[in-house]
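The structure appears right after this line, and notes come after that.
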Amino acid sequence: MVRKLKAAVIGLTVGASYVTDYLKNPHIGEIVLCDTNPEKIAAVQAKTGLTKSYTDYQEMLAAEKPDIVSVCVPNFLHRQIASDAMEAGADVLCEKPLARNAAEGREILEVSRRTGRKLMVNFNRRYIDTSLALKEWIDQGNLGKIYYATTKWQRVRGVPWWYPLDDAKRKVGGGPMIDLGVHMMDLCMWLCGYPEPDWVSGKAFSEIAYREAADHGFNNLDVEDMGVALVTMKNGMLMEVEASWASNSELPSDNIETRLYGSEGGAVIKAGCDKCSLVITGKQGEVTVEEIPAPSRRLTVRDAFVKAVLQDTEVPCKPEQAIVISSIIDAVFKSTETGAPVKV
Ligand SMILES: NC(=O)c1ccc[n+]([C@@H]2O[C@H](COP(=O)([O-])OP(=O)(O)OC[C@H]3O[C@@H](n4cnc5c(N)ncnc54)[C@H](O)[C@@H]3O)[C@@H](O)[C@H]2O)c1
Numbered sequence: 002m003v004r005k006l007k008a009a010v011i012g013l014t015v016g017a018s019y020v021t022d023y024l025k026n027p028h029i030g031e032i033v034l035c036d037t038n039p040e041k042i043a044a045v046q047a048k049t050g051l052t053k054s055y056t057d058y059q060e061m062l063a064a065e066k067p068d069i070v071s072v073c074v075p076n077f078l079h080r081q082i083a084s085d086a087m088e089a090g091a092d093v094l095c096e097k098p099l100a101r102n103a104a105e106g107r108e109i110l111e112v113s114r115r116t117g118r119k120l121m122v123n124f125n126r127r128y129i130d131t132s133l134a135l136k137e138w139i140d141q142g143n144l145g146k147i148y149y150a151t152t153k154w155q156r157v158r159g160v161p162w163w164y165p166l167d168d169a170k171r172k173v174g175g176g177p178m179i180d181l182g183v184h185m186m187d188l189c190m191w192l193c194g195y196p197e198p199d200w201v202s203g204k205a206f207s208e209i210a211y212r213e214a215a216d217h218g219f220n221n222l223d224v225e226d227m228g229v230a231l232v233t234m235k236n237g238m239l240m241e242v243e244a245s246w247a248s249n250s251e252l253p254s255d256n257i258e259t260r261l262y263g264s265e266g267g268a269v270i271k272a273g274c275d276k277c278s279l280v281i282t283g284k285q286g287e288v289t290v291e292e293i294p295a296p297s298r299r300l301t302v303r304d305a306f307v308k309a310v311l312q313d314t315e316v317p318c319k320p321e322q323a324i325v326i327s328s329i330i331d332a333v334f335k336s337t338e339t340g341a342p343v344k345v
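In the numbering used here, the protein residues as written are 2 to 345.
See below:
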């Protein structure tokens, strides 16, 4: 007899896509909806026919005792709600970023360790078919030693004006570094076997978006519109990161790309392409580009979480990894202030 889980989803904007996935998962027996905004609940109910819902997550946790909870609320609420869910006995899948900074991430991790509940972070870009295919190729040794990587999510104009940008530093924790850079750094570092960062030299720029903020009703945009980092890993690898909500580039938004340079080959993976490319340069400099087949696995990040819960195995997208990413972003902000490289 297959064990079925009771799932609760807290926050129903991006959370609505969790509901869609859970409805397709045969191991989910029941889904409970939760949002402080009854209109958000009604919209999901209209699409799914689900009936059980709450506007107060504490009441929901006490009454329903869900097996798993998806935390899909704004960043400044992750620590409290993820911790409360674990204290109530649930395993948690938390939206990215795990927290607004590394210290807050460690507080959530401490609750997971103390309660023994699983805590996973929604690094969904790992579960794109091309990412999974490239990871397998890398793990087979096709790139040799990866010594340099670039990863970027660039927008010409794409500030999420629907974010709480009136108090963004406190509520979101940062700009595109926290919003987009988190995804790209995780993908790149996961592909490279999660090397340990050593030094970060970076800069958070605010040159464009602040001029447009007043038109969108914000008087004081206190986060960057572009973040850049150069990260030296303890194994000697160098990673260059660029994340922008606004930039004067000729490349159309969203330009999402990761490039890896290895001793035996290179690789490039771009969003919107259903293939990734393996670049092999021969001894005479001749270049061969092989397209790596990326068969559809139909495995989502949420399925992977459910599997880890049911089989009681380690979660694949670990909070410790999310904290490493947060430490890099913290260092970018510090490096911006001091103008010097920061030891992680
Ligand atoms: N993985 C991804 O690709 C991806 C994409 C978008 C957003 N996100 C992340 O998801 C999180 C939410 O982002 P969003 O764009 O959906 O935000 P949002 O503000 O649009 O939606 C958050 C929802 O949470 C509800 N909410 C707020 N406080 C609540 C509370 N105390 N209890 C219950 N519900 C509450 C709000 O009413 C709202 O419906 C953020 O951490 C963001 O970084 C991730």
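From the three backbone atoms N, C-alpha and C, an ideal C-beta is built for every residue, glycine too. As the structure is a computational prediction, the values presented were derived from the model and not from experiment.
The beta strand (DSSP E) enclosing residue i, as first and last residue numbers
{"i": "Tyr1", "result": "What the structure shows of the chain is the stretch from 2 to 345, and residue 1 is not part of that stretch, so it cannot be assessed."}
{"i": "Trp200", "result": "198–206"}
{"i": "Ser254", "result": "That residue, Ser254, is in no beta strand (DSSP E); it is neither H nor E in DSSP."}
{"i": "Asp92", "result": "92–95"}
{"i": "Lys271", "result": "267–271"}
{"i": "Gly16", "result": "Looking at the DSSP string, Gly16 is not in any beta strand (DSSP E); the run it does join, the alpha helix (DSSP H), is 16–25."}
{"i": "Ala215", "result": "It is not in any beta strand (DSSP E) - Ala215 carries neither H nor E in the DSSP assignment."}
{"i": "Lys276", "result": "No beta strand (DSSP E) holds Lys276; DSSP gives it neither H nor E."}
{"i": "Lys284", "result": "Per DSSP, Lys284 belongs to no beta strand (DSSP E) and is neither H nor E."}
{"i": "Lys7", "result": "6–11"}
{"i": "Val231", "result": "Position check: residue 231 holds Leu in this sequence, whereas Val was assumed. That run of the beta strand (DSSP E) goes 227–234."}
{"i": "Val242", "result": "239–245"}
Euclidean distance between Cα positions of residue i and residue j
{"i": "Ser132", "j": "Met186", "result": "13 angstroms"}
{"i": "Trp154", "j": "Val10", "result": "28 angstroms"}
{"i": "Asp331", "j": "Ala83", "result": "21 angstroms"}
{"i": "Ser250", "j": "Pro342", "result": "26 angstroms"}
{"i": "Met178", "j": "Ala247", "result": "12 angstroms"}
{"i": "Val93", "j": "Val173", "result": "20 angstroms"}
{"i": "Glu65", "j": "Pro317", "result": "27 angstroms"}
{"i": "Leu51", "j": "Ser254", "result": "36 angstroms"}
{"i": "Lys271", "j": "Leu188", "result": "12 angstroms"}
{"i": "Lys7", "j": "Ala89", "result": "13 angstroms"}
{"i": "Lys119", "j": "Thr314", "result": "9 angstroms"}
{"i": "Pro161", "j": "Glu243", "result": "17 angstroms"}
{"i": "Glu60", "j": "Ile42", "result": "16 angstroms"}
{"i": "Glu280", "j": "Ile293", "result": "The question names Glu, but residue 280 in the sequence shown is Val. Approximately 10 angstroms, taken between the alpha carbons."}
{"i": "Asn38", "j": "Leu24", "result": "22 angstroms"}
{"i": "Lys97", "j": "Val122", "result": "6 angstroms"}
{"i": "His28", "j": "Val201", "result": "42 angstroms"}
{"i": "Gly16", "j": "Leu110", "result": "22 angstroms"}
{"i": "Ser54", "j": "Lys319", "result": "29 angstroms"}
{"i": "Ala103", "j": "Met190", "result": "17 angstroms"}
{"i": "Glu241", "j": "Gly175", "result": "19 angstroms"}
{"i": "Gly228", "j": "Val157", "result": "13 angstroms"}
{"i": "Val269", "j": "Ser327", "result": "25 angstroms"}
Where the alpha helix (DSSP H) containing residue i begins and where it ends
{"i": "Ser297", "result": "Unbroken run through Ser297: none, as it is neither H nor E."}
{"i": "Ser327", "result": "320–339"}
{"i": "Met186", "result": "183–192"}
{"i": "Lys172", "result": "169–172"}
Residues with C-beta closer than 7 angstroms to any heavy atom of ligand 2, in chain order: Among the ligands in the structure shown, ligand 2 does not appear; only ligand 1 can be found there.
Segment contact, 8 angstroms Cβ cut-off, at least three pairs: the stretch 64–74 with the stretch 302–317: yes
Could you check whether the stretch 299–308 touches the stretch 120–134, counting it as contact only if at least three pairs of C-beta atoms, one from each stretch, sit closer than 8 angstroms? yes
Ignoring anything shorter than 4 residues or poking outside the stretch 24–79, list the alpha helix (DSSP H) runs there in chain order. 39–49, 58–65
Taking 8 angstroms as the threshold, find out whether the stretch 196–209 comes into contact with the stretch 233–242 through three or more Cβ pairs. yes
Complete alpha helix (DSSP H) runs within the stretch 84–140 (minimum length 4 residues, chain order): 103–116, 130–140
Could you say if the stretch 25–35 and the stretch 76–90 meet the contact criterion of at least three C-beta pairs nearer than 8 angstroms? no
Looking at C-beta atoms only, is the number of pairs between the stretch 258–267 and the stretch 199–210 that lie closer than 8 angstroms three or more? no
Are three or more beta carbon pairs between the stretch 319–334 and the stretch 133–147 nearer than 8 angstroms? no
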